[in-house]
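Count the sequence shown with the numbering used here and you get residues 2 to 229, in order. Have a look at the structure below before the remarks.
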Amino acid sequence: MFAPFLQTIGLQITPSGTENNFVAEALSITPKEINLSDLYTYPVPQVSQSGGCDLKKSVAPEPYDLSPICKINDEENKADHPNTIRLWRLNQIIQSIEKRTQVDWIGIYRKAINTQDNLVLVKEAYHGEFSRAEFPLNEDFAKNSNNSTVGLTQKAVVFQDLGQYQGPYYKCDSKVRAEFCLPILDEEKNLLGIIDAEAWKTDFFTDENLLEISKIAHDLGQTDLLKI
């Protein structure tokens, strides 16, 4: 099942058979303590009038709150809500893959309708510095965004040296040198979301790292973790 997924997203590498099972492991764990604030809110950068990211990394006055896009009302008890466990498990997966690959930044985004009724990719779990929360999932934004492009085409994008890359790219951190972005697809090959990974040095994404991250995307597509 994993090899056909790689072909579908356009990655010409062969599985080793030793890739991680982090998604299955996260699903097998029952959380004991959950920090609701850390799960539902996170800092985001200021966005310019043109829609670009502030490269000076100025923090927006208000953190991004996942509650509305996750359809959680203020009066609901988040501690007992199924969505809280879902987000917790996504974060467990991110922590595990970061430790395995030592990637500088990695995030899981879900395809969703935001509060303005726009189709977007929303960041639900990540490791690394703060970054944009939503990427519009439309052709216009995709002209300057890897994330949106991958969501629309359902094909992976890998570049090992930003200085040599000619494709669409949304610059939100001047330290990025290499990036791997790939879709998360369900069993019918419908888009559920994406994974985006970034490194601060060139030539970071070895075949081994690509396979480890791809395995996460493949396995997530076989679960309900990006379905609400």
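Virtual Cβ for every residue (Gly too), placed ideally from N, Cα, C.
- Query: Among the residues of its own chain, which have a CB less than 6 Å from the CB of residue 67, if the five just before and after it don't count?
  - Reply: 41
Among the candidates 25, 144, 200, whose CA atom is the shortest distance from the CA of residue 222? 25
Identify whether residue 222 lies in helix, strand or coil by the three-state DSSP scheme.
coil
Any 3 or more C-beta pairs closer than 8 Å across the region 165–179 and the region 209–216 | no
Counted within 10 angstroms of its Cβ, other Cβ atoms place residue 151 as buried (16 or more) or exposed: buried
Measure the alpha-carbon distance for residue 227 versus residue 110 and round it to whole angstroms. 9 Å
| Looking at residue 112 and residue 192, is the spacing between their C-beta atoms short of 8 Å? | yes
Comparing C-alpha positions only, which one of 125, 177, 59 sits nearest to residue 38? 125
inquiry  = Helix, strand or coil, according to DSSP, for residue 94 in the structure here?
reply    = helix
| said: Just to confirm the assignment: which complete beta strand (DSSP E) runs, minimum length 3, are found wholly within the region 144–228? | reply: 158–160, 179–186, 192–200
Q.
Tell me the residue span of the beta strand (DSSP E) that contains residue 23.
A. Segment 23–29 is the alpha helix (DSSP H) holding residue 23; no beta strand (DSSP E) there.
Return the first residue and the last residue of the alpha helix (DSSP H) that residue 3 is part of.
3–9
Fill in: Candidates 70, 153, 134: closest to residue 143 by CA position
153
Which value, in whole angstroms, describes the spacing of the CA atoms of residue 220 and residue 60? 33 Å
Which residues does DSSP pair with residue 129 in a beta bridge? BP columns for residue 129 are empty, so no partner.
- prompt: Going by beta carbon distance, what residues of the same chain come within less than 6 Å of residue 128, once the five residues before and after it are set aside?
  reply: 95, 99, 107
#### Entry: Distance, residue 117 Cα to residue 19 Cα
43 Å
> I think residue 45 touches residue 64, with their Cβ atoms under 8 Å apart; what is that distance to the nearest whole Å?
Replying inline: 7 Å
- Item | Top-ranked residue by Cα proximity to residue 14, from 3, 69, 105, 87 | 3
Exercise. Starting from residue 108, follow the beta strand (DSSP E) in both directions and report where the run begins and ends.
Key: 106–114
query: Can residue 240 and residue 185 be called in contact, C-beta distance under 8 Å?
result: Residue 240 is absent from the structure shown; the chain starts at 2 and stops at 229.
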